[in-house]
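Start counting at 1 in the sequence shown, then tack on 7, and there's your number in our numbering. See structure below.
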Amino acid sequence: MNAANNQPGPGDRNPQRQSRPPRLYMRVGDRLHAAPEDVQEAARRYPLIAEKGAVHGGKRLTILSPRTTFAPNEDIHIIHVLEVVEPGHDVHIMGPKAVYGEYLDGTLFTAPPPADTDPFRPGLYNGATLSSPAIDYNFDVTVYSFPAPGRHDFEWRVGALHSNTLRIEVVENPRGIAAGSDAALPNRG
């Protein structure tokens with residue numbers, strides 16, 4: 008893998024599994040829209056991030072966001088990644104698929120995972136499938152906003168799989184810009 012451009016290198020056996028993530032989409036009502044560019048860029052950085060969910064049964068769930076500090080009422084986009092690190096599994100990479108089992112501050116905020124079907128494979132699936140190891144980025148990008156400053160923890164839990172905990176902080180001045188000034192100041196919190 009060439010770390011500079013996240014493209015396959017000369018020794019990679021499965022280059023199609025290591026290429027850049029596909030474009031991410033968000034649901035707005037019953038329509039799909041491309042996710043904002045900062046969301047696309049955050050997904051492209053996934054292979055390089057250190058804080059990922061633990062591997063369980065050859066799979067891992069990870070959530071990430073373009074950044075972790077936001078202003079009140081600003082949209083917070085949560086990206087969902089399923090990585091199957093153990094060979095021998097089919098990975099259903101078409102989407103976006105529904106996100107089941109997303110928790111905000113310990114409370115389930117999406118539908119719970121279905122008990123009788125594979126939550127990572129949509130019903131009547133007739134799309135592209137890769138053999139693992141592979142990465143699936145094609146889940147709904149969930150969007151939240153908060154009216155007041157505070158800290159919020161997000162987790163994605165599906166059965167025994169638990170993602171990393173993503174802590175988001177909502178602050179009055181997330182970019183460190185002094186009121187009435189165009190000069191950037193460092194964040195102090």
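Don't be surprised by glycine CBs; every beta carbon is placed ideally from N, CA and C.
Check                                                                                                        : Outcome
Those residues which DSSP pairs with Thr124 across a bridge                                                  : Paired residues: none, contrary to the question.
Proximity of Gly134 and Pro119 at Cβ, strictly below 8 Å                                                     : no
Contact set for Leu39: own chain, Cβ-Cβ below 8 Å, skip 5 residues either direction                          : Tyr32, Met33, Pro103
Alpha carbon of Arg67 to alpha carbon of Tyr132, nearest angstrom                                            : 22 Å
Same chain, Cβ closer than 6 Å to Ala190, neighbours up to 5 away in sequence not counted                    : Note that Ala190 scores a pLDDT of 36, beneath 50, so its modelled location is shaky and nothing firm can be said.
Span separating the alpha-carbon of Pro73 from that of Val46                                                 : 6 Å
Spatial distance of Tyr110 from Asp160 (CA atoms)                                                            : 8 Å
Cβ contact (3+ pairs, closer than 8 Å) linking the segment 55-64 and the segment 73-85                       : no
3 or more residues per run - each beta strand (DSSP E) lying fully within the segment 133-183                : 136-138, 141-143, 149-151, 157-165, 173-177
Beta bridge counterpart(s) of Met33 as assigned by DSSP                                                      : His40
For Ser138 and Pro156, the rounded distance between their alpha carbons                                      : 44 Å
Outcome for Thr69 when other beta-carbon atoms lying within 10 angstroms are tallied against a minimum of 16 : buried
Bounding residues of the beta strand (DSSP E) (the contiguous stretch that carries Ile270)                   : Only positions 8 to 196 of the chain appear in this structure, which leaves residue 270 out of reach.
Run of the beta strand (DSSP E) containing Lys66, from where it starts to where it stops                     : 66-71
Beta-carbon spacing of His99, Thr136 below 8 Å                                                               : yes
Cβ-based neighbour list, Phe127, same chain, cut-off 6 Å, excluding 5 preceding and 5 following              : Leu89
As assigned by DSSP and simplified to three states, the class of Glu109                                      : strand
C-beta atoms of Glu179 and Thr75 nearer than 8 Å                                                             : no
For Val88, three-class secondary structure by DSSP                                                           : strand
CB-CB length for Tyr144 against Pro29, believed under 8 Å                                                    : 6 Å
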